[in-house]
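Read in the numbering used here, the first sequence has 97 at position 104, and its numbers run on one by one without any break.
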Amino acid sequence: MSQQTPTPIYQRIYLLVRQIPAGYVTTYGQLGRLVGCSARTVGFALAALPPGNDTPWQRVINSKGQVSTRTDGEGNILQYDLLVAEGLHFDAGQRLDLQRYQWNFLRC
DNA sequence: TTGTTGACTCTGA
DNA sequence: CTCAGAGCCAACA
């Protein structure tokens, strides 16, 4: 029988991102390990997210606690604004405190 | 089928 | 602390 993907890796990532509550964030590497893939795959998955979806992609940042620069352009500025609107606090250099805002999926 | 690209992460200096 | 290079996996042509 043909090999069919049990669950599209992208779909897996989207489901995890949706489990992130407002006011918290996560990193690409964290999601990548949870889905069993590398961080790049996560970033690529979010990049492939269609507009108008209900996935809080803005809550996904890099391990540096900073918003990643997107090839689209001002996307990073929008993400910064959305996070601030959710009550997150950025320090100098537009960096977030991952030790304080990083969401733990195991915590549930 | 292979090769290139991409919103990353890690290690070393 | 910052900067640079290498590794990584999945999707697209």
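For every residue, glycine included, the Cβ atom is placed at its ideal position computed from N, Cα and C. Please read all numbers here as calculations on a predicted model, not as lab measurements.
**Message:** Spatial neighbours of Tyr169 within its chain, please: C-beta separation below 7 Å, excluding the five flanking residues on both sides.
**Reply:** Absent from the model: residue 169. The displayed extent of the chain is -6 to 101, so no value can be given.
**Request:** Assign Ile54 to buried or exposed, taking buried as 16 or more other Cβ atoms, counted over all protein chains shown, within 10 Å of its Cβ.
**Result:** The sequence position of residue 54 within the first sequence is 61, counting from 1. Ile54 comes out buried.
**Item:** Proximity of Tyr3 and Ala41 at Cβ, strictly below 9 Å
**Value:** The residue labelled residue 3 in the question sits at position 10 within the first sequence. The residue labelled residue 41 in the question sits at position 48 within the first sequence. Yes, the pair counts as a contact, with Cβ atoms nearer than the cut-off.
**Asked** Where does Asp74 sit, in a helix, a strand or coil, going by DSSP?
**Response** One-based indexing of the first sequence puts residue 74 at position 81. Correct three-state label for Asp74: helix.
**Request:** Given a cut-off of 9 Å, decide if Thr34 and Ile6 are closer than it, judged by their beta-carbon atoms.
**Result:** On the first sequence, position 13 is the one that residue 6 refers to. On the first sequence, position 41 is the one that residue 34 refers to. The answer is yes: Cβ separation under 9 Å.
**Prompt:** Can you tell me the Cα-Cα spacing of Phe98 and Leu91, whole angstroms?
**Reply:** The residue labelled residue 98 in the question sits at position 105 within the first sequence. The residue labelled residue 91 in the question sits at position 98 within the first sequence. Going by the C-alpha atoms only, they are around 14 Å apart.
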